[in-house]
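Inspection log for the structure reproduced underneath, given as structure tokens.
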Amino acid sequence: RVGVCSAGGLLGSLSRAFGRANESKTLLFTTQYGLPAWDLLQYVLLTRKVNRLAEAIPVGRPWDAEGAKDLDSKSVAKWLEEDGAPNNSTAQGLMASVVQSVFCADPSHVSMLLFLTAVKEEGGVQVLLEEAQTQRVVQGNGTLSQRLASSLTKRGVEIRLGVEVLGLTHSAEEGAMLTTREGANISKVSARRVVLAMPPPAIASLSLKPKLSGALGAQMAAQRMGKVIKVVVEFAECWWRGAHCAMADPDILEASLAFDVSPPTNCEGGGRPRHILAIFFFGAKAEQWSAGKSEAERREEAVRCARLLFGKKGEPAPPCEVLASVEGDWPAVPGIRGGYQSFPSLGSIVATQSYSGSTPTSCLHFASTENATAWRGYMDGVRFSK
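For the sequence shown, my numbering assigns the number 3 to the initial residue and increments by one for each residue that follows.
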């Protein structure tokens, strides 16, 4: 399902073409194929245009693409307005929603070159929308970390949680010395190598000696953290039956994406079916709702937006009892301050000839999802980091 701001479909487009200015727009919450035919056609054509442009991006070297400098200096929002779908707010809004759900950032902050690179890596706009949510861990993603920790512990690896790294000195010849704080205790830890499984903006906040410099330093400095809040809500009934996901133009809702993440009924051990939605705030709105609102207020707004997204005939879905909720307010997490990933600022891909910080240096190695060659921002991406 989709939520868009339609400017009148074909009739509205013809009116504007003949100079009859009509600035009125209508909010629509419907299925994708319930959109006005002209609006749907414009979105299909826009998707094809993006896929065609992405095909021309050299794998692993987007800065070598024809017109790379112009694409990198232009935001997706500006490209949509000027080149992508200049006369159709519906197509612009839907593609903006795709961008926001991938980078957790407003389209005005994401370069067109970066977006095309992501589309090329994953195989098309529709893959970004559909394939990204096709696999889930029934027991919960957290169980993967628990099992890995258990396996390492059995092999004699000490895992220390709640330890803050204050500083790090490093060299290729002598290895590294970390200064850590655990409660009131300050201690030193030496190592031959250090793996930094952190987003680049978090690495920039560390006290590194020597500081990262040259090309790698420039790459790290150019990274900006995405912002996202994920609110997972369990309801007494599946009032969105028949719809798996819904997205909206980022300009019309505070929470613009929702997915059905209900566990399969055959995994519940014979218990009652569970009805669960994951609802997302992105970009500047995630920052605002993180800093200025309570968890209860975020849940209330998330449910309100979901009812609009999954409503019927333009009306919000009826209220339904909320059984439980949990949230990931990543902008408020120390040491992360956002999610799912960081992304390079406008113009920096061509300037630094990089869109990640994956090159090992000294005794330091980087293992965050930003360093992946596919599925950046997802757990799958960590497998491809260096």
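No residue lacks a Cβ here, since even glycine has one placed at the ideal position from N, Cα and C.
Rounded to whole angstroms, the gap between the alpha carbons of Thr32 and Leu154 is 49 Å. Taking a C-beta distance under 8 Å as the contact criterion, Asp251 and Leu42 do not qualify as a contact pair. As the crow flies, the alpha-carbon of Val352 is around 12 Å from that of Met114. C-alpha of Ala206 to C-alpha of Ala186: approximately 24 Å in a straight line. Counting only runs of 3 or more residues that sit fully inside the stretch 196-231, the beta strand (DSSP E) segments are 196-198, 209-211, 225-227, in chain order.
Between Lys122 and the set Gly164, Glu166, Val101, Glu57, the nearest pair of CA atoms involves Glu57. Residue pairing by DSSP places Cys247 opposite Phe261 in a beta bridge. Comparing alpha-carbon positions, the option among Arg50, Ser75, Gln137, Thr136 lying closest to Ser110 turns out to be Ser75. Between the stretch 172-187 and the stretch 323-341 there are fewer than three C-beta pairs closer than 8 Å, too few to call the two in contact. Cα atoms of Val196 and Ala223: separation of roughly 20 Å, rounded to the nearest angstrom.
For Val305, the closest C-alpha among the options Ala376, Leu366, Asp262 is that of Asp262.
Ser296 sits in coil when the DSSP states are folded into three classes, being neither helix nor strand. When beta bridges are read from the DSSP output, Asn187 appears opposite Glu184.
Inter-residue distance for Val191 and Arg276 is about 46 Å (C-alpha atoms, whole angstroms). The shortest CA-to-CA distance from Phe284 to any of Lys295, Glu297, Leu259, Arg274 is the one to Leu259. Annotation: Lys80 to Trp332 spans about 28 Å, alpha carbon to alpha carbon. For Phe284, the three-state secondary structure derived from DSSP is strand. Looking at the DSSP output, Cys322 sits in no beta bridge, so it has no partner there. Of all C-beta pairs linking the stretch 144-164 to the stretch 116-131, fewer than three are shorter than 8 Å, placing the two stretches out of contact. Positions of the alpha helix (DSSP H) runs, each at least 4 residues long and wholly inside the stretch 21-69, are given as 39-57 in order along the chain.
8 Å or more divides the Cβ of Ile254 from the Cβ of Arg300. With a threshold of 16 other beta carbon atoms within 10 Å, Val235 meets it and is buried. Per DSSP, Gly341 lies in no beta strand (DSSP E) segment and is marked neither H nor E.
In this structure, Lys27 keeps its C-beta atom at 8 Å or more from the C-beta atom of Ala39.
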